[in-house]
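Here's the structure we're looking at; comments come further down.
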Amino acid sequence: MQHVEHGVGAAGARATARRSWWRQPLAWYQVAVALAGTVWLVFAFYPVFYILITSLRSQQGYLMGIPWLPSAHPTFENYATVFQTGFAHYFLNSVIVSVCTVALIVACSLLLAYVVVQTQNRFVRLVFNVFLVGLSLPIQAAIIPVYVLVTNVIHLYDTLIGLILPSVAFGLPLTILILVNFIRDIPRELYESMYLDGATDFILLRHLVVPLSRSALISVSIYDFVQAWNNFLFPLVLTQSDASRVLPLAITNFQGQYTMNVPAIMAFVILSALPLILAYAFGRQYLLRGMLAGFSK
36 MQHVEHGVGA
46 AGARATARRS
56 WWRQPLAWYQ
66 VAVALAGTVW
76 LVFAFYPVFY
86 ILITSLRSQQ
96 GYLMGIPWLP
106 SAHPTFENYA
116 TVFQTGFAHY
126 FLNSVIVSVC
136 TVALIVACSL
146 LLAYVVVQTQ
156 NRFVRLVFNV
166 FLVGLSLPIQ
176 AAIIPVYVLV
186 TNVIHLYDTL
196 IGLILPSVAF
206 GLPLTILILV
216 NFIRDIPREL
226 YESMYLDGAT
236 DFILLRHLVV
246 PLSRSALISV
256 SIYDFVQAWN
266 NFLFPLVLTQ
276 SDASRVLPLA
286 ITNFQGQYTM
296 NVPAIMAFVI
306 LSALPLILAY
316 AFGRQYLLRG
326 MLAGFSK
């Protein structure tokens, strides 16, 4: 009976404490933080809201109506217009380029990161440092050599493979850095115990490194997918025909000589961003964990 009374009394005390907390006056800095957070929320999410409401306007409604308020007569005709201009074809090209780019980057980076961690010699360290130099090389500075290489050397201009290979080359350095630092955190005792059991390097990769590095692999996969999906410079320079056009470049289809269809462009942006939103929603916890691991050392 005493235990019941004690439990009831504790619950009542907690409820009283909560009520008293709500009745306490807020300090000026708490009010300032709340206002600053609200302002930041509005500035951060209103552009997304604006894109959404604009995609539901007609061209006439966009030109004549109030731009920052939702339309009184929303319409989905802009989305139909987007699909009529070959959106499915451009979407498929972007999927092929992005998926192949991510697969090649992750596979090559995982193998090289494993070799860097397991092998201690000057040549491997030199190769690793050469890859790290790529972090300081912007794409804009190398676009002319890349164009010459793709066009005159490997003859892959205006092809999807010609987009994939440069994207892989520029995506390797950061991915290798993250995976190397993540794999280094795996205890050496686990490697040694599996070596004593007769495990090969392939078995170590499959049954030890990959399972323990799952968060880092998902993290770099999402990051590389976003970079490949949003890449505009490579498609602009390395492609020409409509057959190899991807989404970031296809948005120019809605721009005429004297005007542009802004509501259709906004609908195009919404549809193009859906895979990125789904990728982030799926792996947001792994993304932060993997990025922190990559820069922890």
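Each residue of the sequence shown is one higher than the one before, starting from 36 at the first, in this note's numbering.
Built from N, CA and C at the ideal position, the CB exists for glycine as well.
Note that the coordinates shown come from a computational prediction; the quantities given were computed from them, not determined experimentally.
**Report entry** Close-in-space but distant-in-sequence residues of the same chain around Leu147 (CB under 7 angstroms, 5 per side omitted)
**Finding:** Within the same chain, Cβ atoms closer than 7 angstroms to the Cβ of Leu147 are found at Ile211, the five residues on either side in sequence being excluded.
Query raised in the report: Is it the case that the Cβ atoms of Val151 and Phe163 are separated by a distance below 7 angstroms?
Result: Yes, the Cβ-Cβ distance between Val151 and Phe163 is below 7 angstroms.
**Report entry** Range covered by the alpha helix (DSSP H) that runs through Asn265
**Finding:** It spans 249-265 - the alpha helix (DSSP H) in which Asn265 sits, taken as one unbroken run.
Query raised in the report: Are Ser202 and Ala263 close, meaning C-beta to C-beta below 7 angstroms?
Result: Their beta carbons are under 7 angstroms apart, which means Ser202 touches Ala263 by this criterion.
Query raised in the report: Mind pulling the alpha helix (DSSP H) runs of 4 or more residues that sit fully within the stretch 149-189?
Result: Taking only runs of at least 4 residues, the alpha helix (DSSP H) segments lying wholly in the stretch 149-189 are 157-168, 174-183.
Query raised in the report: By Cβ distance, which residues of its chain are closer than 6 angstroms to Leu185, with the 5 residues on each side in sequence left out?
Result: The residue you asked about is not Leu; residue 185 is Val in the sequence shown. Non-local C-beta neighbours of Val185 in its own chain, meaning closer than 6 angstroms and more than five positions away in sequence, comprise Leu191, Tyr192, Gly197, Leu273, ordered along the chain.
Requested in this report: Per DSSP, which residues does Met295 bridge with? Please list them.
Outcome: The partner list for Met295 (beta bridge, DSSP) reads Gln290.
Requested in this report: With DSSP as the reference, label Ala142 as helix, strand or coil.
Outcome: Looking at Ala142 - three-state DSSP - the assignment turns out to be helix.
Report task. Could you check how far apart the C-beta atoms of Ile140 and Asp236 are, in whole angstroms? I think they sit under 8 angstroms. Result -> Not really, about 21 angstroms apart at Cβ, beyond 8 angstroms.
**Report entry** Burial state of Gly121 (16 or more Cβ within 10 Å)
**Finding:** Under a 10 Å Cβ-count criterion, Gly121 is classified as exposed, with fewer than 16 other Cβ atoms of the shown protein chains found around its own Cβ.
Query raised in the report: Are at least three pairs of beta-carbons, each pair with one atom in the stretch 165-172 and one in the stretch 292-309, less than 8 angstroms apart?
Result: No contact exists between the stretch 165-172 and the stretch 292-309.
Query raised in the report: What three-state label does DSSP hand Asp277 in the structure shown?
Result: Of the three classes helix, strand and coil, the one that applies to Asp277 here is helix, per DSSP.
**Report entry** Distance, Ala71 Cα to Trp56 Cα
**Finding:** No answer about Trp56 holds up, because its pLDDT of 44 lies below 50 and its placement is not dependable.
Query - Reference Pro109, options Val117, Gly96, Trp103, closest by Cα - result: Of Val117, Gly96, Trp103, the residue nearest in Cα terms is Gly96.
Requested in this report: Could you check the C-alpha separation between Val165 and Pro208 for me, to the nearest Å?
Outcome: Whole-angstrom Cα-Cα distance: 9 angstroms.
Report task. Let me know the secondary structure DSSP gives Pro102 once reduced to three states. Result -> Three-state result, Pro102: coil.
Query raised in the report: Count the other CB atoms within 10 Å of the CB of Pro246; is the residue buried (16 or more) or exposed (fewer)?
Result: Flag for Pro246 reads exposed.
**Report entry** Residue from Ile213, Leu214, Leu239 with nearest C-alpha to Arg223
**Finding:** With distances taken between Cα atoms, Arg223 lies closest to Leu239.
Query raised in the report: If you draw a straight line from the alpha carbon of Glu112 to that of Val77, how long is it in whole angstroms?
Result: For Glu112 and Val77, the distance between alpha carbons rounds to 28 angstroms.
**Report entry** Residue closest to Gln175, alpha-carbon to alpha-carbon, out of Met99, Ser93, Leu271
**Finding:** When only C-alpha atoms are compared, the closest one is Leu271.
Requested in this report: Using three-state DSSP, classify Tyr315 as helix, strand or coil.
Outcome: Taken through DSSP and simplified to helix, strand or coil, Tyr315 comes out as helix.
Query - Beta-carbon separation (whole angstroms), Leu282 vs Phe126, contact threshold 8 angstroms - result: About 6 angstroms separates the two Cβ atoms, so the contact holds.
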